[in-house]
Amino acid sequence: MPYDALGSDAEVTCPVCSDVFIPKRRDQKYCSPRCRKQKYQQEDRGKNPKNAKVSPSVRKENHEQRQRARELAETLFGIPPCERLGFMKTLIDAARSHDADLRSIFTDPTLLMASPDEPRLFHRRCPWTYRTISQAGNAYCRKFWNASVSEVVRGNAPEPQTGEVLS
Numbered sequence: 214m215p216y217d218a219l220g221s222d223a224e225v226t227c228p229v230c231s232d233v234f235i236p237k238r239r240d241q242k243y244c245s246p247r248c249r250k251q252k253y254q255q256e257d258r259g260k261n262p263k264n265a266k267v268s269p270s271v272r273k274e275n276h277e278q279r280q281r282a283r284e285l286a287e288t289l290f291g292i293p294p295c296e297r298l299g300f301m302k303t304l305i306d307a308a309r310s311h312d313a314d315l316r317s318i319f320t321d322p323t324l325l326m327a328s329p330d331e332p333r334l335f336h337r338r339c340p341w342t343y344r345t346i347s348q349a350g351n352a353y354c355r356k357f358w359n360a361s362v363s364e365v366v367r368g369n370a371p372e373p374q375t376g377e378v379l380s
């Protein structure tokens with residue numbers, strides 16, 4: 214039997230989503246189990262942060278990911294310019310189909326928005342005009358897919374036109 218049928222029809226505001234609801238129990242604070250869970254997850258994250266500053270495993274994982282990104286960028290910019298599009302296509306296809314680590318590299322916001330002021334994100338001895346592998350992948354996807362690299366590697370972008378004429 215709902216709480217309002219017991220004699221109280223006072224509306225309560227959910228502290229998470231600010232929806233107004235009529236509680237079904239005297240001690241109900243949240244409008245839904247989803248809001249209740251979200252509130253407790255936020256509190257848990259505040260008490261036990263899971264980021265690279267406090268977690269050695271996350272720090273190591275980030276270091277390995279950035280190392281692979283630098284190696285891929287060094288390979289990309291080390292091959293002749295006429296072969297770079299083919300290499301990038303191979304990387305994008307691998308990220309789309311099976312390589313979750315590569316997908317993570319391409320969608321990493323730190324690598325996508327890196328500036329030359331952060332030399333640790335770029336391969337050694339690169340000119341200031343070079344990009345991270347994520348930025349190069351994003352430029353490739355914008356040109357050929359008309360979508361961001363994140364949309365392409367996650368499969369949210371439609372396949373680009375091949376240019377073939379079917380009769």
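Remember, the working numbering sits 213 above the position in the sequence shown when you count from 1. Glycine included, each C-beta is placed from N, C-alpha and C at the ideal position. All of these numbers come straight from a predicted model, not from anything done at the bench.
Note down the Cα distance separating Lys242 from Lys252, rounded to an integer number of angstroms.
-> As a first step, residue 242 must be located in the sequence shown, where it is residue number 29. As a first step, residue 252 must be located in the sequence shown, where it is residue number 39. So the alpha carbons of these two residues sit roughly 11 angstroms apart.
Val271 (DSSP reduced to helix, strand or coil) = Numbered from its first residue, the sequence shown carries residue 271 at position 58. The answer is helix: DSSP assigns Val271 an H, G or I state.
Whole-angstrom Cβ separation of Val225 and Ile305, contact assumed at under 8 angstroms?
-> The residue labelled residue 225 in the question sits at position 12 within the sequence shown. The residue labelled residue 305 in the question sits at position 92 within the sequence shown. That belief does not hold up - the Cβ atoms of Val225 and Ile305 are roughly 50 angstroms apart, past 8 angstroms.
Taking Cβ positions, are Cys354 and Ser347 nearer each other than 8 angstroms?
-> Numbered from 1 along the sequence shown, position 141 holds the residue referred to as residue 354. Numbered from 1 along the sequence shown, position 134 holds the residue referred to as residue 347. No, Cβ-Cβ distance for Cys354 and Ser347 is not below 8 angstroms.
Sorted by chain position, which residues of the same chain lie with C-beta nearer than 7 angstroms to Ala307's C-beta, five sequence neighbours on each side aside?
-> Locating residue 307 in the sequence shown gives position 94, where the first residue counts as 1. Result list for Ala307: Leu315, in chain order.
Write down the C-beta distance between Pro371 and Phe357 rounded to the nearest angstrom, noting that I regard them as a contact closer than 8 angstroms.
-> If you number the sequence shown from 1, residue 371 lands on position 158. If you number the sequence shown from 1, residue 357 lands on position 144. Contact flag wrong, Cβ pair sits at about 12 angstroms.
Kindly list the residues whose CB is nearer than 8 angstroms to the CB of Arg301, restricted to its own chain and excluding five residues on each side of it in sequence; keep chain order.
-> As a first step, residue 301 must be located in the sequence shown, where it is residue number 88. Just to set this straight, residue 301 is Met in the shown sequence, not Arg. Cβ within range, chain order: Leu289, Ala349, Gly350 and Tyr353.
Thr226, DSSP secondary structure in three states | Position 13 of the sequence shown, counted from the start, is the residue given in the question as residue 226. In this structure, Thr226 counts as strand in the three-state DSSP scheme.
Could you say which of Arg344, Thr320 and Phe319 lies nearest to Glu331 if we only look at CA atoms?
-> Here residue 331 refers to the residue found at position 118 when the sequence shown is read from its first residue. Taking only the C-alpha atoms, the option nearest Glu331 is Arg344.
Looking at C-alpha atoms only, which residue of Ser363, Arg297 and His311 is the closest neighbour of Pro322?
-> Position 109 of the sequence shown holds residue 322. Minimum Cα distance to Pro322 is reached at Ser363.
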